[in-house]
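Below is one structure, written out as C-alpha cells, with a few remarks after it.
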Ligand SMILES: Cc1ncc(COP(=O)(O)O)c(C=O)c1O
C-alpha cells in the first residue's frame, strides 16, 4: 500500500482518495453502486476501499491512515482485530467451521448473555440484526395471536419488508398515527398493512395509539436509544418506564432493538443502563467484535414459542462456531470488570463528548453534540437538544456533509450520519487529534 500525504498551509494533512475512486468506478460494473450495503453509498467523499485495519485505525487503498469512529457501523467496541478475539477465532479455525449441530461455544455464549442481559432467560442465535428482528416479531405474533407491529418514526430495524417504513422519511399524522412511508420500492404491498407508526419519546401519543389499536398490536418495537438515524437520541426520563407499563396494560410484547446499544452502552445494553427490561431484545453488532452474529434474547415463555407454538427459526449459519468463538472471547472480556473496558470507554468517550461540545461552541452553524461517551452524534441544528425525529428533521444535512468531508480529508472518520462510536482501542491522543480536526473543519465551514 502506498500513498502520499500532502499538507495544507496550516500544516494539516490533506488526504486524497483517488485509488478508492478508481476502485468504486470499477466495482460499479459488477455491483450496483459499487457497494454491497446501501448505507455505504452515502460516504464522503465517495465510498472508500480499505486495505487493512488495526486498533482504532483503518488503512485505505490510497495508503491513508484514518482514525476510525465508524467502527464497522458499531461492532468494533474493542477496536479492530482485538488480539484475544483473533486468538480465539484462530483456535476455532483449527477445530472446525460448521457442524450442522450443537457445540459447547453455544452454551458458553448463551450463559454469558444470560448473566449480562436483564431480559435474557432464553435466546436464539442468528447472523444479522435484520433477521433477528424478524424472529422477535414472529415470536410476538405467535404468543399474542395478533398481527400488527407498532414501530416509531425514525427507528431502523433492518432492511426486511416487515419494518422498512418511516426511517428517514415521514408523512402526515392523524390521531397519533403517522402515515406509512416505505423506504424501498419492491416491498410486498401487503406488508404495510401490518405496521403502525407513531412518534417516539411521547408517552401521551403512545397511550392514545395503544388505547385505539392495542387489541391488534402484537409488538411494540423500538431502539431504546434512537441511534441509527437522526442522531443519538436518549429517551426522555420516564418514557421507557411508561412504555413498559403501557405494553403490559395492552398485552403487547415490548421489543428493544439493541443492535447498536447492546453491549455498547453497558454489559447488559441500554436495558441495563436505563433500568427498563423488555420482553424481547435483539442484539447484533458488538456481540462478536466484528464477526457476524446476532441473537434474540428474552422471556422464556416467548422464546419457547419455537417449541410450543410452532414458530420456525432456521438458518445454516446460526450458531457459527467461528462467530461464537469471537463472541465468547468478546463477552468474557466485557463481563469482567477487572478488564476496565467500560471504565476506559467512559473516560475516553467523556473526553470526546465534552471536547466536541466545547469545540461546537465555536461552530459557525449551530451544532448539537449529544449522546453517551460510548456513542454520540454531531447534529447541525438550531435547538438545544434533539428529542425525536421532528427535531432531527430540521438538521442541516448540507453542513453535516461538508463537515464530514473536511474531517475525512484530515483522516478522521465518523459514520456518514454524523455518529461517533468509541472503542477501547481509542486513546486520549486519538481523541485530541479528532478534536483538533473538528476545530479546523468547523473553521472551514465558516
Ligand atoms: C438499530 C438497528 N437494528 C437493526 C439493524 C440491522 O442489523 P444488520 O445490519 O446486522 O442486519 C441495524 C443495522 O444497522 C440497526 O442499527
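Numbering (this note's numbering), first residue to last: 45 to 490. For every residue, glycine included, the Cβ atom is placed at its ideal position computed from N, Cα and C.
Cβ of residue i within 8 Å of any heavy atom in ligand 1?
| i | result |
| --- | --- |
| residue 301 | yes |
| residue 235 | no |
| residue 267 | yes |
| residue 117 | yes |
| residue 338 | yes |
| residue 329 | yes |
| residue 173 | yes |
| residue 244 | no |
| residue 200 | yes |
| residue 82 | no |
| residue 271 | yes |
| residue 224 | no |
| residue 475 | no |
| residue 464 | no |
| residue 261 | no |
| residue 181 | no |
| residue 203 | yes |
| residue 304 | yes |
| residue 264 | no |
| residue 177 | yes |
| residue 326 | yes |
Provide the residue span of the beta strand (DSSP E) that contains residue i, from first to last.
| i | result |
| --- | --- |
| residue 103 | 101-104 |
| residue 112 | 109-112 |
| residue 192 | 192-196 |
| residue 543 | Given that the chain is displayed from residue 45 to residue 490, the structure contains no residue 543 and the question cannot be resolved. |
| residue 168 | 166-170 |
| residue 414 | 411-416 |
| residue 240 | 239-242 |
| residue 77 | Here residue 77 belongs to no beta strand (DSSP E), and DSSP marks it neither H nor E. |
| residue 300 | 297-301 |
| residue 361 | Per DSSP, residue 361 belongs to no beta strand (DSSP E) and is neither H nor E. |
How should residue i be labelled, buried or exposed, when 16 other C-beta atoms within 10 angstroms of its C-beta is the threshold for buried?
| i | result |
| --- | --- |
| residue 396 | buried |
| residue 155 | exposed |
| residue 414 | buried |
| residue 470 | buried |
| residue 281 | exposed |
| residue 197 | buried |
| residue 418 | buried |
| residue 427 | exposed |
| residue 356 | exposed |
| residue 250 | buried |
| residue 127 | exposed |
| residue 315 | buried |
| residue 459 | buried |
| residue 195 | buried |
| residue 439 | buried |
| residue 455 | buried |
| residue 138 | exposed |
| residue 143 | exposed |
| residue 354 | exposed |
| residue 106 | buried |
| residue 246 | buried |
| residue 487 | exposed |
| residue 389 | buried |
| residue 210 | buried |
| residue 271 | buried |
| residue 234 | exposed |
| residue 121 | buried |
Which residue comes first and which comes last in the alpha helix (DSSP H) that contains residue i?
| i | result |
| --- | --- |
| residue 427 | Here residue 427 belongs to no alpha helix (DSSP H), and DSSP marks it neither H nor E. |
| residue 257 | 247-257 |
| residue 138 | 127-139 |
| residue 485 | 472-489 |
| residue 68 | 62-72 |
| residue 290 | 283-294 |
| residue 115 | Taken as a continuous stretch (DSSP letters only), residue 115 belongs to no alpha helix (DSSP H), as it is neither H nor E. |
| residue 463 | Residue 463 -> not in any alpha helix (DSSP H); beta strand (DSSP E) instead, spanning 463-465. |
| residue 399 | 385-404 |
| residue 160 | 148-160 |
Three CB pairs or more closer than 8 Å across the region 321-339 and the region 137-152: no
Touching by the beta-carbon criterion (3+ pairs, under 8 Å), the region 301-317 and the region 375-387: yes
Contact the region 158-178 vs the region 392-409: 3+ CB pairs below 8 Å: no
Cβ contact (3+ pairs, closer than 8 Å) linking the region 162-177 and the region 333-350: yes
At least three beta-carbon pairs within less than 8 Å, the region 283-299 to the region 329-336: no
Touching by the beta-carbon criterion (3+ pairs, under 8 Å), the region 81-96 and the region 298-305: no
Segment contact flag, the region 471-483 with the region 110-124, C-beta cutoff 8 Å, min 3 pairs: yes
Given 8 Å, three or more beta-carbon pairs between the region 439-452 and the region 289-301: no
Cβ pair count under 8 Å reaching 3, the region 361-369 against the region 128-144: yes
Contact between the region 258-270 and the region 218-233 (3+ Cβ pairs under 8 Å): no
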